[in-house]
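Undergrad: One structure, as structure tokens, below. Some questions next.
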Amino acid sequence: MKLGEILIKKGLLTKERLQEALDIQVQRGGKIGSILASLNYVDKDKVGEALSEQFGVPYIDLRRKTIPDSVLELIPDDICKKYNVLPFSLEGKKLKVAMADPLNVFALEELRFITGKTIEPYVELERYVKNSIETKKGRTKLRNVISEETFSDFDIAEVSESIIDLDSLRVEAEDAPVIKLVNTVLTDAVNKNASDIHFEPYEKIFRIRLRIDGVLRDYLHPPLKIKNAIVSRIKILAHLDIAERRLPQDGRMNLKVGSREIDVRVSIIPTIYGEKVVLRLLNKTSSLLSLEELGFDKYSMEIFTRAIMKPYGMILMTGPTGSGKSTTLYAALSRLNTPEVNIMTAEDPVEYNISGVNQVHMKEDIGLNFATALRSFLRQDPDIIMVGEIRDFETAEVAIKAALTGHLVFSTLHTNDAPSSATRLINMGIEPFLVASSVNLIAAQRLVRKVCKGCSDLDSSISKDFLLNMGFLSDEVDTFIPVKGKGCDLCDGSGYRGRIALFEVMEITENIANMILRGATTYELKETAIKEGMLTLRRTGLDKIKAGMTTVEEVVRITVSD
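So for the sequence shown, the working numbering puts the first residue at -13; every next one is plus one.
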């Protein structure tokens, strides 16, 4: 029997859902078991048990398996990837191997020949074998790269602040183990979709951390004695001055990891124990998200789409740094990007290249700032303008005048929620009547981590009282149980994989415009907007919890009570 038939026979799957998964398989490829598990149509373990029945071999869950390095190294990486196999246990001459296709006799024969062992196949879902090859073998590589033995003969010259031996620094930085370590960290960070890499020296340790899904995670602790060599290596790659260790430096470099082009911004600052380096990774080849993929609820999506389709006025996105404001604006511009309109953007920096959009990178050192660029844009016959950020009165004034003279203007502000943005513009010096007449919509945004689909499970530890205190209604708390990720190889044990946006969308209705004119407080604006249907950040977060997309902890971390 086919896998789908087995699952239907067991009552675990409907014919309709099987057909949906088969349609996805035709479009994207891959094995049907992995697709069903990723869609959460069937529990991963149930799919594994059905595969075991289909193939007649035992099922192994690699997420919960700790594998010794000595076993992982029995089969070379290229062979593991070629046949989608991973060794996980050795008992005498018997080597147990997880396989996506345990009936592949050619693979079994080659594994027996390479290892000289008797091969005992176990079945595991294709996606989980691939991920375990990357994570488990990747960890072994990292341990080998940073082992003390690797750097046992590493000769570190003492470098004083007054007399710097450039030749020693350069030789250390070009030493093969250092190059390998830096390359491994960069490659692994890109594969893990990290946004930042932190190299941090302290008195007794040297720590590397990765920011993944908006949260810093401890990653590596290389030997302290190689900290200067690592920093020097990064400086060489970024074309910075390796002799300068007393002043901050900024640079950039470009990487290519597989088919991905990565733009890396380098920031170096001296601390009391050495230089700290932060690398910001921007994937230039990643596809832009559409508005539908961002996480808008139906109501907010309708209002936002209506506002961006207006011929003129201002759309403001607000939120802290790293909350996804730029991504949302890019999605809006992509929706409006047609041959009939002239779109111009002033950005610092330009994060994504959009074909058909005229993008200008700001250069403060030569006087090219947002206000200057905006004034120039108005002489370029624009229809739509995007300003990276409104930071001061001058930029705000020009942007509002552009919105009032027939242009659609997009921009961002740093405020906590949508209603306070109107107050912020007035505090900058903009007249209330200009704010009320020029702004079409203000949207606040935050990013929360999504529960990993590979290890999602019900979280019965959250009490009903806690849910009520969060803002859930009494008739809601009995209708669902929150979810939480248990931690697996797919999510590196964090329980989270990817992020989704929360939105608070406030349309400037006639009522709210009149309140702005009267000088209403932020609280009064928020109260009125909620009465008119606005969903707050906390409320949209609660809806995402109910839908099983994120956890209670994430929403509490990111939003405040209404």
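C-beta: ideal position from N, C-alpha, C; glycine also.
1. Can Tyr285 and Gly519 be called in contact, C-beta distance under 8 Å?
2. Going by DSSP, name the residue or residues bridged to Pro187.
3. Between which residues of its own chain and Ile150 is the CB-CB distance below 8 Å, once the five residues before and five after are set aside?
4. DSSP on Tyr338, reduced to helix/strand/coil?
5. Would you kindly report the start and end of the unbroken alpha helix (DSSP H) that includes Ala499?
6. Is the CB-CB distance between Arg238 and Arg251 below 8 Å?
7. Which same chain residues end up closer than 7 Å to Asn117 when comparing Cβ atoms and leaving out the 5 residues on each side of it in sequence?
8. Label Gln13 either buried or exposed according to how many other C-beta atoms from any shown protein chain fall within 10 Å of its C-beta, with 16 as the threshold for buried.
9. Classify Ala317 as helix, strand or coil using the three-state DSSP reduction.
10. Assuming Lys296 and Leu394 form a contact by the criterion Cβ under 8 Å, report the distance between their Cβ atoms to the nearest whole angstrom.
11. Determine the contact status of Gly200 and Arg485, defining contact as a CB-CB distance below 8 Å.
12. What does Tyr108 pair with, by DSSP beta-bridge criteria?
13. Just to confirm my understanding: we take Met85, look at its own chain, exclude 5 residues before and 5 after, and list those with CB closer than 6 Å. What are they?
14. Does the stretch 441 to 456 come close enough to the stretch 207 to 224 to have 3 or more Cβ pairs within less than 8 Å?
15. Could you compute how far the alpha carbon of Leu94 sits from the alpha carbon of Lys103?
16. Between Asn402, Leu411, Ser423, Asn413, which lies nearest to Gly392 when the distance is taken from Cα to Cα?
17. Between Pro468, Pro306, Thr536, which lies nearest to Gln431 when the distance is taken from Cα to Cα?
18. Please state whether DSSP places Met414 in a helix, a strand or coil.
19. So, are the CB atoms of Asp526 and Asp283 less than 8 Å apart?
20. Taking the alpha-carbon positions, what's the Thr358 to Phe458 distance?
21. Using three-state DSSP, classify Asn179 as helix, strand or coil.
22. With a cut-off of 8 Å, do at least 3 Cβ pairs link the stretch 433 to 442 to the stretch 340 to 351?
23. Whose CA, out of Asn413, Gly415, Asp378, lies closest to the CA of Ser397?
24. Taking the continuous beta strand (DSSP E) assigned at Ala430, which residues delimit it?
25. Mark Ser20 as exposed unless 16 or more other C-beta atoms lie within 10 angstroms of its C-beta, in which case mark it buried.
26. Across the stretch 497 to 516 and the stretch 404 to 411, are there enough close Cβ pairs to call them in contact, namely three or more that are closer than 8 Å?
27. I need the straight-line Cα distance from Val346 to Gly374, nearest angstrom please.
28. By the 10 Å Cβ neighbour count, where 16 or more other Cβ atoms means buried, how is Lys512 classified, buried or exposed?
29. Check Thr101 in the structure and name its three-state DSSP category.
30. For the pair the stretch 437 to 445 and the stretch 478 to 496, tell me if three or more CB-CB distances fall below 8 Å.
TA: So, from the data block:
1. Translated into positions along the sequence shown, residue 285 becomes position 299. Translated into positions along the sequence shown, residue 519 becomes position 533. The Cβ atoms of Tyr285 and Gly519 lie closer than 8 Å to each other.
2. Taking the sequence shown and counting its residues from 1, one reaches residue 187 at position 201. Answer is Phe192, bridged to Pro187.
3. For the purposes of this step, residue 150 is identified with residue 164 of the sequence shown, where counting begins at 1. Confidence at Ile150 is low in this model, with a pLDDT of 49, below 50, so the placement of that residue should be treated as unreliable; the coordinate-derived value is given next. Around Ile150: Ala229, Arg231.
4. Start at 1 with the first residue of the sequence shown, and residue 338 comes out as number 352. In this structure, Tyr338 counts as coil in the three-state DSSP scheme.
5. In the sequence shown, the residue the question calls residue 499 occupies position 513. Note, Ala499: alpha helix (DSSP H), 496 to 503.
6. Stepping through the sequence shown from its first residue, residue 238 is reached at position 252. Stepping through the sequence shown from its first residue, residue 251 is reached at position 265. Yes.
7. For the purposes of this step, residue 117 is identified with residue 131 of the sequence shown, where counting begins at 1. The beta carbon of Asn117 sits closer than 7 Å to the beta carbons of Asp475, Leu476 from its chain, once the five residues preceding and following it are set aside; these are given in chain order.
8. Indexing the sequence shown from 1 puts residue 13 at position 27. By the 10 Å Cβ count, Gln13 comes out exposed.
9. As a position in the sequence shown, residue 317 is number 331, starting the count at 1. The answer is helix: DSSP assigns Ala317 an H, G or I state.
10. The residue labelled residue 296 in the question sits at position 310 within the sequence shown. The residue labelled residue 394 in the question sits at position 408 within the sequence shown. Contact between Lys296 and Leu394 holds, with the beta-carbon distance rounding to 7 Å and staying under 8 Å.
11. Residue mapping note: residue 200 aligns to position 214 of the sequence shown, counting from 1. Residue mapping note: residue 485 aligns to position 499 of the sequence shown, counting from 1. The answer is yes: Cβ separation under 8 Å.
12. On the sequence shown, residue 108 is found 122 positions in, with the first residue counted as 1. The partner list for Tyr108 (beta bridge, DSSP) reads Ala84.
13. As a first step, residue 85 is located in the sequence shown; it is residue number 99 there, counting from the start. In its chain, beyond the 5 residues on either side, Val71, Pro107 have a beta carbon closer than 6 Å to the beta carbon of Met85.
14. Flag = no, the stretch 441 to 456 and the stretch 207 to 224 do not touch.
15. What you label residue 94 is simply residue 108 of the sequence shown in a count that begins at 1. What you label residue 103 is simply residue 117 of the sequence shown in a count that begins at 1. Each residue's Cα considered, the two are about 11 Å apart.
16. By 1-based counting over the sequence shown, the position of residue 392 is 406. Nearest to Gly392 by alpha-carbon distance, out of Asn402, Leu411, Ser423, Asn413, is Ser423.
17. Numbered from its first residue, the sequence shown carries residue 431 at position 445. Among Pro468, Pro306, Thr536, the Cα nearest to that of Gln431 belongs to Pro306.
18. Numbered from 1 along the sequence shown, position 428 holds the residue referred to as residue 414. Of the three classes helix, strand and coil, the one that applies to Met414 here is helix, per DSSP.
19. As a first step, residue 526 is located in the sequence shown; it is residue number 540 there, counting from the start. As a first step, residue 283 is located in the sequence shown; it is residue number 297 there, counting from the start. It should be pointed out that residue 526 corresponds to Thr in this sequence rather than to Asp. Taking 8 Å as the cut-off, the Cβ atoms of Thr526 and Asp283 count as close.
20. Position 372 of the sequence shown, counting from 1, holds the residue named residue 358. Position 472 of the sequence shown, counting from 1, holds the residue named residue 458. Their backbone Cα atoms lie some 47 Å apart in a straight line.
21. Working through the sequence shown from its first residue, we reach residue 179 at position 193. In the structure shown, the three-state DSSP call for Asn179 is coil.
22. The stretch 433 to 442, when compared against the stretch 340 to 351, does not touch it at the 8 Å Cβ threshold.
23. As a first step, residue 397 must be located in the sequence shown, where it is residue number 411. When each option's Cα is compared against that of Ser397, the closest is Asp378.
24. Position 444 of the sequence shown, counting from 1, holds the residue named residue 430. Note, Ala430: beta strand (DSSP E), 425 to 437.
25. The residue given as residue 20 occupies position 34 in the sequence shown. When all chains shown are included, Ser20 counts as buried.
26. By the Cβ test, the stretch 497 to 516 is in contact with the stretch 404 to 411, since at least three Cβ pairs between them sit closer than 8 Å.
27. Working through the sequence shown from its first residue, we reach residue 346 at position 360. Working through the sequence shown from its first residue, we reach residue 374 at position 388. Val346 and Gly374 have their alpha carbons spaced roughly 10 Å apart.
28. Here residue 512 corresponds to residue number 526 of the sequence shown, with the count starting at 1. Burial call: buried.
29. The count along the sequence shown starts at 1 and reaches residue 101 at position 115. If DSSP states are grouped into helix, strand and coil, Thr101 belongs with the helices.
30. They touch, by the three-pair rule.
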